[in-house]
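J.: Take 11 as the starting number for the sequence shown in this note's numbering and just add one per residue.
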Amino acid sequence: MTEQTTPEAEASAEDELALTVDELAARAGVTVRTVRFYGTRGLLPPPAIGPRRVGRYGEEHLSRLALIEELQSHGMTLAAIERYLSHLPPDLTAQDLAIHRALVASWVPDSAEEATRDQLERRVGRELAETDLDRLAAMGVLVRTGDPDVLRIDPGLLHLGARLLDVPISLEAILAARTVVVEHTRSAARELSRLFREEVWDSSGEDEPGPERLARTRSLSAHMQPLVVQALVTAFQRSMKEELGSWLGEDGERDRRNGQGGKGNA
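1) Secondary structure at arginine 136, three-state DSSP: helix, strand or coil?
2) Valine 160 by DSSP, collapsed to three states: which one?
3) Going by alpha carbons, who is nearest to leucine 168 out of Gly135, Pro178, His84?
4) Can we say the stretch 187–202 touches the stretch 152–169, given the rule of at least three CB pairs closer than 8 Å?
5) Under three-state DSSP, which class holds threonine 126?
6) Thinking just about the alpha-carbon of each residue, which of Tyr67, Ile91, Leu146 is nearest to the one in leucine 1?
7) Taking 6 Å as the limit between beta carbons, can you name the residues of its chain near aspartate 159, skipping five residues before and five after?
8) Whole angstroms is fine: what's the gap from lysine 251's alpha carbon to tryptophan 257's?
9) Sort Leu146, Asp101, Gly60, Pro57 by Cα distance to alanine 172 and report the nearest one.
10) Look up arginine 66 in the DSSP assignment and give the residues it is bridged to.
11) Rounding to the nearest angstrom, what Cα-Cα distance links leucine 143 and asparagine 268 in this structure?
12) Under the assumption that leucine 72 contacts alanine 28 (Cβ atoms under 8 Å), give the Cβ distance between them as a whole number of angstroms.
13) Please classify arginine 62: is it buried, with 16 or more other beta-carbons within 10 angstroms of its beta-carbon, or exposed?
14) According to DSSP, is leucine 53 part of a helix, a strand, or is it coil?
15) What number of angstroms, rounded off, separates the C-alpha of arginine 133 from the C-alpha of valine 40?
16) How far does the alpha helix (DSSP H) with leucine 95 in it reach, from first residue to last?
17) In three-state DSSP terms, what is leucine 167?
18) Within a Cβ cutoff of 6 Å, which residues of the same chain sit near alanine 21, ignoring the five residues on either side of it in sequence?
19) Determine the closest residue to glycine 156 out of Glu124, Ile109, Val191, with distance taken between C-alpha atoms.
20) Does DSSP put leucine 29 in a helix, a strand or coil?
21) Look at leucine 54 and valine 64 and say whether their C-beta atoms are less than 8 Å apart.
22) Using the Cα positions of threonine 244 and serine 180, report the straight-line distance between them to the nearest angstrom.
23) Which of helix, strand or coil does DSSP assign to leucine 102?
24) Counting only C-beta atoms, is alanine 139 closer than 8 Å to chain C at any point?
25) When you compare each of Leu75, Ile184, Val153 to alanine 108 by their alpha carbons, which one comes out closest?
26) For histidine 194, count neighbouring Cβ atoms within 10 angstroms of its own Cβ and tell me buried if that reaches 16, exposed if not.
27) Do leucine 34 and tyrosine 67 come within 8 Å of each other at the CB atom, strictly closer than that value?
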């Protein structure tokens, strides 16, 4: 069966990843048949065409498969997933899709999966040295078990951790950034919980039975948690953009001035 593609897909071979359909399926933890089926249903964009007319898949395909898996874990039917994806902007990047997946998963209990080292290497698409495993363990992506060949992995962090293995940044800097994120998100969660408690629990008075107050609190949490997560992500994205813009703008202006000064002294 040949893979269908479009001229736009052929021209857009700019992804860092260039996976065959077999490699994509292994990385996503699905079968090749599933990948092809999703493609025929329009859940996955067509692959780019590489040498020998072989379809090549990139980060966007991997992120879409992760999002589809997350939506399925919520009990959504394939038709519902199609409708969900059809409402997303067509130009979403792999990072945008990862954020959507994080928002969908925000109210799902954490779960861990066991995998052998070979299975983990197929999921991340590369051989893993002991230093790589140590790096993933330090980031909380995996936990070593009593069996050296069996690892307990966090599926929600696996894709992020695998990408960070190739980022030219020290493990110390990654762990420091993780500490900042954890500390500030815990602080935000603590304050928001206090507000919710004052709104629902403390304001209800003693007349309302405890079980009813508890049910009302849980209902508010179920409705508010995904909205709060989306608000936090949006606020963080905008704040980070402002900070980077300020930082890069200051450095660019300094470099421009230094360059003018150098020309003036020549």
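In this text, a Cβ means the ideal position worked out from N, Cα and C, and glycines have one as well.
Computed from a predicted model, the values in this text were never measured in an experiment.
T.: With the given structure in hand:
1) coil
2) Here valine 160 sits in strand by DSSP.
3) Relative to the Cα of leucine 168, the nearest Cα in the group Gly135, Pro178, His84 belongs to Gly135.
4) no
5) strand
6) There is no way to answer for residue 1, as the model of the chain reaches only from 11 to 276.
7) Thr126, Arg127
8) Taking the straight line from one Cα to the other gives about 10 Å.
9) Leu146
10) DSSP, once it has assigned bridges, lists Ala58 as partnering arginine 66.
11) 44 Å
12) Not a contact, Cβ separation roughly 12 Å.
13) exposed
14) coil
15) 10 Å
16) 88–96
17) helix
18) Per-residue confidence for alanine 21 stands at a pLDDT of 37, beneath the threshold of 50, marking its modelled position as unreliable; the derived number appears in the next sentence. Nothing meets the Cβ criterion.
19) Glu124
20) strand
21) no
22) 27 Å
23) DSSP, read as helix, strand or coil, puts leucine 102 in coil.
24) Note that chain C does not occur in the displayed structure, where there is just one protein chain.
25) When the alpha-carbon of alanine 108 is set against those of Leu75, Ile184, Val153, the nearest one is in Leu75.
26) Exposed.
27) yes
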